[in-house]
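Trainee: Sharing a structure below in structure tokens format, with a few things to ask.
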Amino acid sequence: MNTFFEAEKKIHGNITHLHEIGSTDTVFDIASTALLADELGFFDRATTIISTPVRVGTGRIKTEHGYIPNPSPATLEIAKTYKIPLKFCDIKAELATPTGVAILANLVNSFTFELPPVKIKNIGYGAGSFNLPFPNIMRVLICESELKGEHISVLETNVDDVTGEILGYTIEKLYKEGALDVQVLHGITKKNRPSFLISVITKLGDEEKLAKVLMQETGTLGVRIKRMQKRFIFDREIKTITVKISGKKRKVRVKVAYDMNGKPINFKPEYEDLKRIAEEFKISIKQAALAVESKLSDSISD
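Heads up, the sequence shown is in the numbering used here, so the first residue is 13 and it goes up one at a time.
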């Protein structure tokens, strides 16, 4: 409801009463979708909800306030805010409503043009009453996959005239701006000059922001973008645990990876916490890591 309300408020101005948001249809659509999604286990940590791009039509839409362009302003506003990819076609009908797009914005983890390798367990169909040149149905597939996947983009640029200090600062800034991973490789470019290939893995939607960092900090004249790359990952989270070192309790953040059944399969203490412990107890980073890891198994399983 908040997604819908914020979109309408931005379009119509700072108003507090909107007929469409409070309609019975809107409340029923949102509440019933949430209830069914919960019953099907869509909100479980091990579940990822994926959608193909949303198809939208053209022409005009008749509302109680008159005719408006299709897609509606609210639909476009929600798609813009939540980076939902739209697929335009020449069908003169409202194929995607603001309510439907708002539901997708809050349910879907990622949008993709192709599904990953999966085993289909169940299929659900929903049919609309409006006559279209193609079947007016929506399909929901419940699938299984041994590995969790996500779509990312990869940015690349070659530089041959930057110092190590500039590279180090650029890497640090890229991470601060949300880069998932940064890699720098040595190479040889034209005129046999030593160079660096900077490769950045980023979430979809962050490409422009991180490309700007690369260009501003290194002076490179261009950045290549490989969109919609697929990678498989384990589900993971950062947990804070308490460990005893030399009789003293200390908090340590640990990155924990889980398999598809939610069972912990790997863990790694955060470097900054190991560094803090090493400095406090006057031991090496390796000794700090061993001391923490020896306490991890029992703590993670709790």
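Cβ coordinates follow ideal geometry from the N, Cα and C atoms, glycine included. Computed from a prediction, not measured in an experiment: that's the story for all the values here.
1) Starting from the N-terminal side, write out each stretch of the beta strand (DSSP E) that is 3 residues or longer and does not extend beyond the stretch 27-88.
2) Alpha carbon to alpha carbon, how far is I183 from T254?
3) Under a three-way DSSP split, which group does D172 fall into?
4) What is the DSSP secondary structure of T214, counted as helix, strand or coil?
5) Which residues in the same chain as F55 place their Cβ atom closer than 8 Å to its Cβ, once the five residues preceding and following it in sequence are excluded?
6) To the nearest whole angstrom, what separates the beta carbons of R243 and E162, a pair I think is in contact under 8 Å?
7) Near D285, which residues of its chain fall below 6 Å by C-beta distance, leaving aside the five closest residues on each side in sequence?
8) So D271 is in the alpha helix (DSSP H); what residue range does that whole segment cover?
9) Would you say G138 faces chain D, with C-beta separation under 8 Å as the test?
10) How big is the Cα-Cα spacing for K99 and A117?
11) With a CB to CB cut of under 7 Å and the five nearest residues on each side skipped, what residues in its chain are close to K261?
12) Can you list, in chain order, the stretches of the alpha helix (DSSP H) that have 4 or more residues and sit fully within the stretch 90-176?
13) Got a sec? Which residues, its chain only, sit under 8 Å from I250 by beta carbon, not counting five neighbours each side?
14) Between the C-alpha atoms of L167 and R239, what's the straight-line distance to the nearest angstrom?
15) For L119, I'd like the list of residues in its chain whose CB is within less than 6 Å of its CB, leaving aside the five on either flank, ordered along the chain.
16) Given 8 Å as the limit, is there contact between the stretch 99-113 and the stretch 69-88, that is, 3 or more CB pairs closer than that?
17) What is the C-beta distance between V171 and I210, in whole angstroms, given that I count them as a contact (C-beta under 8 Å)?
18) Let's test the definition: count the other Cβ atoms within 10 Å of the Cβ of S165 and tell me whether it reaches 16, buried, or not, exposed.
19) Determine, using beta carbons only, whether V225 and L186 come nearer to each other than 8 Å.
Mentor: Taking the geometry as given:
1) 66-68, 72-75 and 78-81
2) Here residue 183 corresponds to residue number 171 of the sequence shown, with the count starting at 1. Here residue 254 corresponds to residue number 242 of the sequence shown, with the count starting at 1. Going by the C-alpha atoms only, they are around 31 Å apart.
3) Residue mapping note: residue 172 aligns to position 160 of the sequence shown, counting from 1. If DSSP states are grouped into helix, strand and coil, D172 belongs with coil.
4) As a first step, residue 214 must be located in the sequence shown, where it is residue number 202. The answer is strand: DSSP assigns T214 an E or B state.
5) As a first step, residue 55 is located in the sequence shown; it is residue number 43 there, counting from the start. Closer than 8 Å at the Cβ level, and outside the excluded window around F55, lie A49.
6) To locate residue 243, count along the sequence shown from 1; it is residue 231. To locate residue 162, count along the sequence shown from 1; it is residue 150. So it is a contact: roughly 6 Å between Cβ atoms.
7) Reading the sequence shown from its first residue, position 273 is the one you call residue 285. Cβ neighbours of D285 beyond the five flanking positions: V264 and R265.
8) What you label residue 271 is simply residue 259 of the sequence shown in a count that begins at 1. Where D271 is concerned, there is no enclosing alpha helix (DSSP H), given that its DSSP letter is neither H nor E.
9) No chain D is part of this structure, which consists of one protein chain only.
10) As a working mapping, residue 99 is identified with position 87 in the sequence shown. As a working mapping, residue 117 is identified with position 105 in the sequence shown. Taking the straight line joining both Cα atoms gives about 16 Å.
11) Here residue 261 refers to the residue found at position 249 of the sequence shown. Excluding sequence neighbours, K261 sits near T254.
12) As far as the stretch 90-176 is concerned, its whole alpha helix (DSSP H) runs of at least 4 residues are 110-119.
13) Residue numbering aside, residue 250 sits at position 238 when the sequence shown is read from its first letter. These residues qualify, in order along the chain: R265, V266, K267, V268 and E282.
14) Position 155 of the sequence shown, counted from the first residue, corresponds to residue 167. Position 227 of the sequence shown, counted from the first residue, corresponds to residue 239. Each residue's Cα considered, the two are about 9 Å apart.
15) One-based indexing of the sequence shown puts residue 119 at position 107. I61.
16) yes
17) Counted from its first residue, the sequence shown places residue 171 at position 159. Counted from its first residue, the sequence shown places residue 210 at position 198. Sure, about 7 Å apart at Cβ, within 8 Å.
18) Locating residue 165 in the sequence shown gives position 153, counting from the first residue. Buried, since its Cβ has 16 or more Cβ neighbours within 10 Å.
19) Here residue 225 is taken as the residue at index 213 of the sequence shown, counted from 1. Here residue 186 is taken as the residue at index 174 of the sequence shown, counted from 1. Against a cut-off of 8 Å, the Cβ pair of L186 and V225 comes out as a contact.
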